[in-house]
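Take a look at the structure below.
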Amino acid sequence: MCGIIGYTGNRKAEVILINGLSRLEYRGYDSSGIAIFENEKIQLVKKQGKLAVLREELKKYSLKGTCGVGHTRWATHGVPNDINAHPHLSNKKDIAVVHNGIIENYQEIKRKLIQKGYKFASATDSEVIAHLVDVYYKKDLREAVLKALKELEGSYAIAVMHKNEPGRIVGARKDSPLIIGLGNGENFIASDIPAVLE
Numbered sequence: 002m003c004g005i006i007g008y009t010g011n012r013k014a015e016v017i018l019i020n021g022l023s024r025l026e027y028r029g030y031d032s033s034g035i036a037i038f039e040n041e042k043i044q045l046v047k048k049q050g051k052l053a054v055l056r057e058e059l060k061k062y063s064l065k066g067t068c069g070v071g072h073t074r075w076a077t078h079g080v081p082n083d084i085n086a087h088p089h090l091s092n093k094k095d096i097a098v099v100h101n102g103i104i105e106n107y108q109e110i111k112r113k114l115i116q117k118g119y120k121f122a123s124a125t126d127s128e129v130i131a132h133l134v135d136v137y138y139k140k141d142l143r144e145a146v147l148k149a150l151k152e153l154e155g156s157y158a159i160a161v162m163h164k165n166e167p168g169r170i171v172g173a174r175k176d177s178p179l180i181i182g183l184g185n186g187e188n189f190i191a192s193d194i195p196a197v198l199e
């Protein structure tokens with residue numbers, strides 16, 4: 002089962018995301034990753050394997066951003082590898098998406114997106130969400146996500162970021178768990194309570 006964590010506030014997002022993901026390890030997973038808004042763009046780091054592999058990879062970076070999303074993946078579409086790990090980015094690398102669940106009509110959506118010129122890097126059903134949100138994005142991430150969701154069939158819990166809306170994460174769910182934690186000057190999103198208990 003996959004895990005989602007998201008954070009926006011004034012603390013270093015990397016630490017909160019990694020700590021949250023470590024509390025979701027009980028679910029079992031084959032890869033993990035984080036996307037953090039920093040220097041007016043989305044920085045993405047994701048790796049196949051246990052969270053320790055991602056922690057080691059993160060030593061190569063100096064991520065100080067205060068808004069981001071993280072994910073642990075249990076492969077349902079596409080083999081376990083770095084490319085199929087979440088988060089997924091749009092082609093312009095301005096949208097990051099993490100997703101739990103299964104998009105049953107992803108192949109149909111993928112065909113339509115390819116016809117529009119979108120390129121796919123992964124073999125997952127989840128990547129279609131990033132590109133679909135991009136289709137509808139007109140300076141309001143929430144509206145774009147709402148429009149994209151109307152086309153999805155299946156179950157989902159998602160967290161979405163856009164580089165043009167720093168400090169904002171849009172979450173949505175259907176038949177998959179997703180909780181929101183409201184803090185003092187900071188907010189959280191997660192697929193299970195242990196991720197945000199601290």
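Residues 2 to 199 in our numbering are what the sequence shown lists, from first letter to last.
For each residue, glycine too, the CB sits at the ideal point set by N, CA and C.
| query | result |
| --- | --- |
| Can you have a look at R112 and say buried or exposed, based on whether 16 or more other CB atoms are within 10 angstroms of its CB? | exposed |
| State the DSSP-derived secondary structure class of K94, mapped to helix, strand or coil. | coil |
| R143: which of K151, V129, V136, V171 sits nearest, CA to CA? | V171 |
| Considering only the alpha carbon of each residue, which of I19, E166, A122 lies closest to V54? | I19 |
| In the DSSP assignment, find the unbroken beta strand (DSSP E) run with V161 in it and report its ends. | 155 to 163 |
| Do the region 40 to 59 and the region 101 to 108 meet, that is, are 3 or more Cβ pairs less than 8 angstroms apart? | no |
| Taking just the CA atoms, how far does H89 sit from D193? | 21 angstroms |
| Closer than 8 angstroms by C-beta to C68: which residues in its own chain qualify, once you throw out the five before and the five after it? Chain order, please. | Y8, T9, G10, A14, I37, F38, M162, P167, G168, R169, I170 |
| Grab me the residues of G184's own chain with a C-beta within less than 8 angstroms of its C-beta, minus the 5 sequence neighbours each way, in chain order. | G10 |
| Please report the Cβ distance between G71 and G21, rounded to the nearest whole angstrom; I am assuming they are in contact, meaning their Cβ atoms lie under 8 angstroms. | 6 angstroms |
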